[in-house]
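Engineer: The opening residue of the sequence shown carries number 135 in this note's numbering; numbering runs sequentially from there.
Could you have a look at this structure, given as structure tokens, before my questions?
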Amino acid sequence: MNIEEFREYCLSFKGVHEKMPFPNVPDKYSRDILCFYVADKWFCFVNIEIFDFCCIKCNPDESRELQTEYAGIRPGWHMNKKYWISVYFNQDVPDEKIKELVSNSYDIVVKSLTKKEREIL
């Protein structure tokens with residue numbers, strides 16, 4: 135999977151928009167972060183220049199299990215390690231599994247939205 139395919143997949147979910155929220159930070163890596171939002175909440179982000187991993191929300195119980203099963207799944211980079219995981223591309227996590235995890239992250243965030251926000255979707 136490449137950045138274009140990944141971006142297209144993330145944008146395929148209902149109500150999703152993208153933004154690069156850190157244009158003025160000193161760290162180049164962080165400036166190149168593209169975040170995917172549903173309503174005003176992130177469900178995924180990725181570095182568009184390096185495209186080394188994506189960071190997504192995950193059920194805490196599932197997170198521990200996934201990190202045991204895959205070397206390419208680690209605690210979330212710069213995020214709450216209980217609720218976020220980093221999933222590395224081109225390692226042992228198949229593309230279909232990555233898509234499944236991104237979809238699950240989207241669902242977790244949608245469930246956290248208010249009833250009014252969900253109705254707008």
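Backbone N, C-alpha and C define an ideal beta-carbon position, used for all residues, glycine too.
Here the structure is a predicted model, which means the values were calculated and not measured.
Would the region 205-221 and the region 183-195 be scored as touching if the rule is three or more Cβ pairs under 8 Å?
Structural biologist: Yes, since at least three Cβ pairs between the region 205-221 and the region 183-195 fall closer than 8 Å, the two stretches touch.
Engineer: Which residues does DSSP pair with P209 in a beta bridge?
Structural biologist: Bridge partners of P209: I219.
Engineer: Is it buried or exposed for N214, if we count other Cβ within 10 angstroms and need 16 for buried?
Structural biologist: Exposed.
Engineer: In the DSSP output, which residue or residues are listed as bridge partners for F179?
Structural biologist: According to DSSP, which records beta bridges pairwise, F179 is partnered with C169, C189.
Engineer: Could you tell me which of L255, D229, R208, D166 sits nearest to Y240, measuring between CA atoms?
Structural biologist: When only C-alpha atoms are compared, the closest one is L255.
Engineer: Have a look at T248, K250, V244, I137 and flag the residue whose alpha-carbon is nearest the alpha-carbon of Y171.
Structural biologist: Considering only alpha carbons, the answer is V244.
Engineer: State the DSSP-derived secondary structure class of K231, mapped to helix, strand or coil.
Structural biologist: It is helical.
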